[in-house]
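Colleague: Each step along the sequence shown adds one to the number in the numbering used here, with nothing skipped, and position 38 is 38.
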Amino acid sequence: MLIICLSVILVTLYVLYSYITRVKYNCPGPSNWPVFGCLFQLESSRLHFSFDRWAKKFGPIIVCKMASTYVYVISSPRLIKKAFGEKGYSDVLNDRPDTFYAKYIMDDSKGVIFGKYGPTFIRLRKIMYKGLKMYGEGVQQFESIAHKELDQLIKSISDLGGKDFDPNPFLSRSLANIIGILLTGSMVDESDVDLIWKYDNNLNDIFDMSTDVILYTFPFLRLMPVEVGRKYRRIMETKKELLDKFFVLQKETYIPGRERGLIDALFNLQSQEKSVGDTQWLPDSQIKAFIQDIIDAGLLTTRNGLLCILLVLLHHHECVDRMYQEIVDVVGLERSPSLNDRPSMPYTEALLLEALRYITHIPIGVPHGAMEDVELEGYNIPKGSMLIINSWTAHHDPAIWGDPWVFRPDRFLDDNGELLPPEHTLRQSLVTFGAGKRVCVGENLAKSRIFLYLTTLIQKFDFLLPIGGTVPSDDPHNFLPGAVLRPHDYMMRLKVR
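1) Quick one: what does DSSP say Ser18 is sitting in, helix, strand or coil?
2) Could you tell me the distance, in whole angstroms, from the CA atom of Glu372 to the CA atom of Asn94?
3) Between the alpha carbons of Leu310 and Pro487, how many angstroms are there, rounded?
4) Report the three-state DSSP secondary structure of Lys495 (helix, strand or coil).
5) Between Phe479 and Ala146, what straight-line distance do the alpha-carbon atoms span, to the nearest angstrom?
6) May I have a chain-ordered list of the alpha helix (DSSP H) segments no shorter than 4 residues that lie completely inside the stretch 394-482?
7) Going by the DSSP bridge assignment, what does Met66 pair with across the sheet?
8) Is the stretch 325-334 in contact with the stretch 250-263, if contact means three or more CB pairs nearer than 8 Å?
9) Take the Cβ of Tyr135 as the centre, count every other Cβ of all protein chains shown within 10 Å, and call the residue buried at 16 or more, exposed below.
10) DSSP three-state call for Asp373: helix, strand or coil?
11) When we look at the beta-carbon of Ala399 and count the other beta-carbons within 10 Å, is it buried (16 or more) or exposed?
12) From the DSSP output, read off the bridge partner residues of Gly368.
13) Measure the C-alpha to C-alpha separation of Met128 and Gly469 and round it to an integer number of angstroms.
14) Roughly how many angstroms separate the alpha carbons of Ile157 and Ser271, rounded to a whole number?
15) Could you give the distance in angstroms between the alpha-carbon of Lys116 and the alpha-carbon of Asp293?
16) Below 8 Å CB to CB, which residues in the same chain sit around Gly229 once its five sequence neighbours on both sides are set aside?
17) What are the start and end residues of each continuous alpha helix (DSSP H) run of 4 or more residues lying completely inside the stretch 178-263, in chain order?
18) Once the 5 residues before and after Glu349 are set aside, which same chain residues still bring their CB inside 7 Å of it?
19) Tell me, to the nearest whole angstrom, how far the beta carbon of Ala67 is from that of Leu42; I am working on the premise that it is less than 8 Å.
20) Measure from the C-beta of Tyr232 to each C-beta in chain B and report whether the shortest distance is under 8 Å.
21) Assuming the contact rule is C-beta atoms closer than 8 Å, Phe463 and Leu314 should be a hit. Round their C-beta distance to whole Å, please.
22) Tell me whether Leu445 is buried or exposed, calling it buried when 16 or more other Cβ atoms sit within 10 Å of its Cβ.
23) Spatial neighbours of Val23 within its chain, please: CB distance less than 8 Å, with the 5 preceding and 5 following residues excluded, ordered by chain position.
24) Please work out which residues of its chain come closer than 6 Å, Cβ to Cβ, to Lys288, disregarding the five sequence neighbours upstream and downstream, and give them in chain order.
25) On the criterion of 16 or more Cβ atoms from any shown chain inside 10 Å, does Arg427 qualify as buried, or is it exposed?
26) Label Leu118 either buried or exposed according to how many other C-beta atoms from any shown protein chain fall within 10 Å of its C-beta, with 16 as the threshold for buried.
27) Quick one: residues in its chain with C-beta nearer than 7 Å to the C-beta of Arg234, no 5 flanking neighbours on either side, listed in chain order?
28) Measure how close the beta-carbons of Trp54 and Pro34 come, nearest whole angstrom, since I'm counting them as under 8 Å.
29) Kindly indicate the opening and closing residues of the alpha helix (DSSP H) around Ile327.
30) Could you tell me if His477 is buried or exposed, where buried requires 16 or more neighbouring beta carbons within 10 angstroms of its beta carbon?
31) Could you tell me the distance, in whole angstroms, from the CA atom of Asn26 to the CA atom of Asn380?
32) Rounded to whole angstroms, how far is the Cβ of Thr393 from the Cβ of Phe58, which I believe are closer than 8 Å?
33) Which same chain residues end up closer than 6 Å to Leu494 when comparing Cβ atoms and leaving out the 5 residues on each side of it in sequence?
34) If you draw a straight line from the C-alpha of Ile80 to the C-alpha of Ile389, how long is it?
35) Mapping DSSP to helix, strand and coil, what is Tyr117?
36) Which same chain residues, not among the five before or five after Tyr89, have their C-beta less than 7 Å away from its C-beta?
Below is the structure:
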């Protein structure tokens with residue numbers, strides 16, 4: 001009898017709790033239990049599957065409670081652009097929420113990716129753009145760096161003599177070299193490559209929302225002998241090793257006025273600020289966070305994206321043939337592809353857009369935070385709420401794409417074979433790099449690297465399946481989970497043309 005009474009009381013409390021919260025958060029979504037919210041209903045390693053299921057059931061905006069955090073998940077490209085890009089909304093929905101990762105791993109929201117929105121963030125973002133040299137002469141400088149590294153990559157692959165190989169270690173080292181050159185002005189040695197990827201892989205393990213909200217709600221778990229605690233300690237250990245290498249050593253050898261790479265450029269900006277006055281916008285802690293930002297956002301995403309795209313192309317050799325023919329027509333075989341060739345290569349551009357849509361290897365964006373109460377499409381979003389861009393569903397909505405699980409680059413070409421204009425509905429429905437004021441600061445850099453790597457490899461090699469073998473499915477549902485998805489390990493052959 002006592003058990004029955006307790007059960008009735010618990011159910012009654014649950015119903016009351018659900019009613020009270022649903023009145024305040026007048027948005028559809030899964031049921032929530034006190035304290036834990038919807039955590040027990042989540043596929044913790046594949047949150048995008050849960051968000052996709054709920055979007056299909058409840059609509060393009062849902063709210064779910066994860067422990068103590070109310071999370072709004074936006075799955076419509078139109079609403080994503082409205083919430084984070086339109087004036088009136090973008091002014092209040094482009095903050096970063098309080099998260100465990102921002103507090104404990106990014107030193108209280110330092111850097112650009114996790115920095116709180118405001119004057120300091122705006123200035124830091126401009127510094128990041130200047131440091132990356134994304135425009136003007138910086139594009140040519142980056143292309144020169146990339147081509148030198150690609151020459152080494154081509155030689156390493158050619159030396160295999162057409163044998164089967166795993167592309168992962170080759171791309172990992174090559175991309176780490178480019179990041180090393182951007183940061184320090186020189187290529188990294190083998191131990192540094194291992195350190196960079198150790199850090200990034202540990203990051204990929206801990207940087208998922210369910211792990212974050214558990215640690216944010218119960219921060220003492222980071223010190224406990226449990227899996228989330230072990231993940232935290234691993235990332236903190238590799239963070240220290242990384243900064244010892246790329247900050248401490250670089251500062252010890254820094255000469256004012258000299259710029260070996262991005263870090264020296266930041267040191268020079270820091271020196272200029274110190275000479276102007278007491279207010280310091282760029283302390284050491286921000287430079288350390290910038291280093292983490294570059295490696296966090298600029299390495300794992302590109303490597304995993306390329307691995308996914310290469311796998312897709314092994315399943316669609318007709319696309320490789322069409323890209324090669326366009327390269328021959330536009331670039332020829334005597335010189336390497338250049339970023340200046342992109343406007344003249346509509347099929348290649350369409351293929352890259354389709355690849356980023358189809359694989360959606362970053363299925364969930366970095367969380368946004370609401371700085372004020374706001375109403376979006378009739379739904380209340382209270383101050384302090386977390387908002388998530390659900391790229392996975394946005395990029396695979398049949399109402400927009402028709403056949404979203406078919407890899408079809410021609411969807412981004414018009415009847416004359418030209419690339420659809422940026423204002424076209426399909427182009428506008430791509431949210432790979434976010435939207436609005438928080439759009440990824442490294443978008444141009446990422447697209448440039450993917451373009452140069454793919455066009456150079458296809459110009460030099462034919463893509464072939466491994467001898468007597470098969471490759472994993474290229475269906476993104478089957479990719480390995482993490483903040484950035486990647487395919488299962490596979491072998492391939494590249495035959496010199």
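Glycine included, C-beta positions come from ideal geometry on N, C-alpha and C.
Modeller: If we stick to the structure as given:
1) Low local confidence applies: a pLDDT of 49 at Ser18 is under 50, so the model's placement there is unreliable, with the coordinate-based value given in what follows. Ser18 falls in the helix class under three-state DSSP.
2) 11 Å
3) 10 Å
4) strand
5) 28 Å
6) 398-401, 425-428 and 443-460
7) Gly37 and Thr69
8) no
9) Here the model assigns Tyr135 a pLDDT of 44, short of 50, so the residue's position is not dependable and the matter cannot be decided.
10) coil
11) exposed
12) Note that residue 368 is His in the sequence shown here, rather than Gly. Partner(s): Leu387.
13) 45 Å
14) 43 Å
15) 14 Å
16) Leu221, Arg222 and Leu223
17) 190-206, 209-217, 227-243 and 249-252
18) Arg342 and Leu419
19) With a Cβ gap of about 11 Å, Ala67 and Leu42 do not count as contacting.
20) Absent here is chain B; the protein component of the structure consists of one chain.
21) 6 Å
22) buried
23) Here Val23 scores only 46 on pLDDT, less than 50, and its place in the model should not be relied on; the value that follows carries that caveat. The answer is none, since no qualifying residue turns up.
24) Leu243 and Phe247
25) exposed
26) The sequence given here has Gly at residue 118, not Leu. Exposed: under 16 other Cβ atoms inside 10 Å.
27) Asn202
28) About 20 Å separates the two Cβ atoms, so there is no contact after all.
29) His317 to Val330
30) exposed
31) 6 Å
32) Actually they do not touch by this definition, with Cβ atoms about 12 Å apart.
33) Ile157 and Phe461
34) 7 Å
35) coil
36) Lys82, Ala83, Val374 and Leu376
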